[in-house]
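Each remark here refers to the structure printed beneath this line.
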Amino acid sequence: MSVTCQSRLSDADLEAFQRDGYLILRGVLDQDYIAECITATQTWIDHQIQAWYDEGLISELYEEEDFRHRFLKAWQAAGEPYYPRSPRKDMIKLEAQRMYDILLNERLLDIAESILGTENIVSHGIFNLRPKAPNQKFTDTPWHQDAQYFREYADVNMVNMWFPMHPVDAKNSCLAFAPGMHRIGLFENDESDIQNGFIGLKPEEAKQLECVPAELNPGDVVIFTNTTPHTAMPNLSDGMRWSWDLRFIDYKDADEWTMELGSVARHQDADQLTKFDAFIEKWQGAEW
Ligand SMILES: O=C(O)CCC(=O)C(=O)O
């Protein structure tokens with residue numbers, strides 16, 4: 007694992023990424039960008055709390071509470087109802103322009119360009135805002151490789167990125183990684199967690215892994231491969247854990263499924279770029 011404050015990666019960073027399967031990049035995102043991510047998240051929080059209020063589950067909107075506690079207090083008062091653990095389509099509906107800017111951010115594209123080795127890059131339609139409450143099974147991400155969710159894409163030229171909107175550590179659910187294990191390839195899927203619907207590694211295989219927490223501050227990003235085993239540490243704090251994860255793929259590996267909701271974010275031929283109107287049109291018919 008290595009650290010850097012550049013969004014164009016050095017040879018040493020690339021070597022560390024290849025060796026460990028993940029890399030922490032310190033201070034690569036502007037605080038203005040993080041502020042935009044927080045604003046988009048707050049719009050969703052408003053939307054969700056208002057829905058509970060309208061259903062009569064809560065009698066106040068908890069507007070005095072801070073970013074990490076408002077949603078949690080409202081959710082607990084509402085009787086801990088189900089909420090989407092990845093409100094992807096809602097985010098586009100509620101914050102279209104901001105989401106376009108978040109998903110096609112230039113700093114993230116610079117990092118992706120270094121890793122993918124091409125300037126022709128698609129921002130993948132699978133992105134997640136993660137509302138993770140303390141001690142809550144439903145959002146407790148088990149050890150998994152991202153490619154376990156899309157096994158036929160295990161070998162494509164793709165990079166995954168995760169960043170928090172507040173400091174995260176091993177006690178408030180930072181991600182943790184198993185260095186070097188991406189080189190083993192794809193593990194068998196364990197789908198026994200029927201209740202929560204997560205796919206992951208078999209528990210006996212997960213137990214063997216080294217577990218290195220990636221503690222991050224706002225502005226830091228951890229990047230990882232499709233086959234890097236990772237998990238989220240439990241949230242033992244008294245607040246929500248708020249993070250985003252995004253994916254970028256080499257344009258030449260982006261097939262019809264990828265392009266259904268993916269956006270060409272950077273390309274040598276400007277005509278190939280997905281403009282805002284086309285982005286909105288794609289998401290209007292979105293099923294996932
Ligand atoms: O944020 C989480 O809890 C899980 C994120 C994750 O596993 C991912 O980005 O692939």
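Taking this note's numbering, the leading residue of the sequence shown gets 7, the next gets one more, and so forth. The beta-carbon is built from N, C-alpha and C at its ideal position, and this holds for glycine as well.
Asked: Can you give me the Cβ contacts of G206 inside the same chain, cut-off strictly under 6 Å, excluding the 5 residues immediately before and after it?; Found: P148, W149, H150, D196
Asked: Would you say the beta carbon of L181 comes nearer than 7 Å to a heavy atom of ligand 1?; Found: yes
Asked: Given the structure, does H75 come close to ligand 1, in the sense that its CB is under 7 Å from one of the ligand's heavy atoms?; Found: no
Asked: Mapping DSSP to helix, strand and coil, what is F230?; Found: strand
Asked: Short of 6 Å in beta carbon distance, which residues of its chain neighbour R217, apart from the five on each side in sequence? Order them along the chain.; Found: Sequence check: residue 217 is Cys here, not Arg. Taken in chain order, the residues that qualify are A182.
Asked: What's the C-alpha gap between P224 and R32?; Found: 9 Å
Asked: Using a Cβ-Cβ cutoff of less than 8 Å, which residues in the same chain neighbour L122 once the five nearest sequence positions on both sides are dropped?; Found: N163, M164, V165, F254, I255, D256
Asked: Roughly how many angstroms lie between the CA atoms of F285 and S269, to the nearest whole one?; Found: 7 Å
Asked: Identify, in the order they occur along the chain, each residue of the same chain with its Cβ nearer than 6 Å to the Cβ of H188, setting aside the five sequence neighbours on each side.; Found: G27, T231, T233, T234
Asked: Identify, in the order they occur along the chain, each residue of the same chain with its Cβ nearer than 8 Å to the Cβ of V228, setting aside the five sequence neighbours on each side.; Found: Y28, L29, I30, L31, M167, W168, F169, L181, F183, A220, L222
Asked: Distance check for I51 and S16, CA to CA, integer angstroms please.; Found: 38 Å
Asked: Could you check which residue in R157, S92, M105 has the C-alpha nearest to that of F144?; Found: S92
Asked: Between which residues of its own chain and T47 is the CB-CB distance below 7 Å, once the five residues before and five after are set aside?; Found: L135, M171, W248
Asked: What number of angstroms, rounded off, separates the C-alpha of E71 from the C-alpha of M246?; Found: 12 Å
Asked: Going by alpha carbons, who is nearest to E86 out of D107, I64, E101?; Found: I64
Asked: Is N310 near ligand 1 - that is, is its Cβ less than 7 Å away from at least one heavy atom of it?; Found: Only positions 7 to 294 of the chain appear in this structure, which leaves residue 310 out of reach.
Asked: DSSP state of E138, grouped into three classes?; Found: Per the sequence shown, the amino acid found at residue 138 is Lys instead of Glu. Looking at K138 - three-state DSSP - the assignment turns out to be strand.
Asked: Could you check whether the Cβ of R94 sits closer than 7 Å to any heavy atom belonging to ligand 1?; Found: no
Asked: Under 7 Å Cβ to Cβ from D277, same chain only, skipping five residues before and after it: list those, please.; Found: none
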